[in-house]
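K.L.:
One structure, as structure tokens, below. Some questions next.
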């Protein structure tokens, strides 16, 4: 399955200062990794849109009990993102430009 999402970076930057919001979307280690990036707002928006894309690829959202913090984001040494949710791995492509962040998630099989 495949999922895609788009978000305005300024919306995430505004909400990312609220502890409840970041705890809902991100694990503590994800937030730490992203907040240390040079363009932290864009990186946070990219991570949130990546998790939305994974939920769309899964075909389940908030109403079906999916919680974004249960989706594990990981980055390779080169910075390439991927996600794991309920034992399934997702390849991610994340981009940000002109005030927007977008992500595509593609189911790739069982997690290693």
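Residue numbers (our numbering): 114 to 225. Cβ atoms here follow ideal geometry from the backbone N, Cα and C, with glycine treated the same way. Here the structure is a predicted model, which is why all the values come from computation and not from measurement.
By Cβ distance, which residues of its chain are closer than 6 Å to residue 118, with the 5 residues on each side in sequence left out?
P.N.:
Sequence index remark: in the chain shown, residue 118 carries index 5 (1-based). Around residue 118: 162, 165, 166 and 216.
K.L.:
So the candidates are 168, 150 and 120; which of them puts its Cα closest to the Cα of residue 197?
P.N.:
Within the chain shown, numbered from 1, the residue matching residue 197 stands at position 84. Residue 168 is the option with its Cα nearest to residue 197.
K.L.:
Taking all protein chains shown into account, do 16 or more other C-beta atoms lie within 10 angstroms of the C-beta of residue 218, making it buried, or fewer, making it exposed?
P.N.:
Along the chain shown, read from residue 1 onward, the residue named residue 218 stands at position 105. Its Cβ being crowded by 16 or more others within 10 Å, residue 218 is buried.
K.L.:
Between the alpha carbons of residue 143 and residue 154, how many angstroms are there, rounded?
P.N.:
Locating residue 143 in the chain shown gives position 30, counting from the first residue. Locating residue 154 in the chain shown gives position 41, counting from the first residue. Using only the alpha carbons, I get a separation of about 13 Å.
K.L.:
With a floor of 4 residues, list each alpha helix (DSSP H) that falls wholly inside the region 126–202, ordered by position along the chain.
P.N.:
Correct list: 132–138, 141–148 and 153–171.
K.L.:
Would you mind reading off the limits of the beta strand (DSSP E) that contains residue 212?
P.N.:
As a first step, residue 212 is located in the chain shown; it is residue number 99 there, counting from the start. That residue, residue 212, is in no beta strand (DSSP E); it is neither H nor E in DSSP.
K.L.:
Answer yes or no: do residue 207 and residue 194 have a C-beta to C-beta separation smaller than 8 Å?
P.N.:
Along the chain shown, one-based indexing puts residue 207 at 94. Along the chain shown, one-based indexing puts residue 194 at 81. A contact, by the Cβ cut-off of 8 Å.
K.L.:
Take the Cβ of residue 125 as the centre, count every other Cβ of all protein chains shown within 10 Å, and call the residue buried at 16 or more, exposed below.
P.N.:
Position 12 of the chain shown, counting from 1, holds the residue named residue 125. The residue is buried, with at least 16 neighbouring Cβ atoms inside 10 Å.
K.L.:
In this structure, what does DSSP give as the bridge partners for residue 206?
P.N.:
If you number the chain shown from 1, residue 206 lands on position 93. Note: residue 206 sits in a beta bridge opposite 217.
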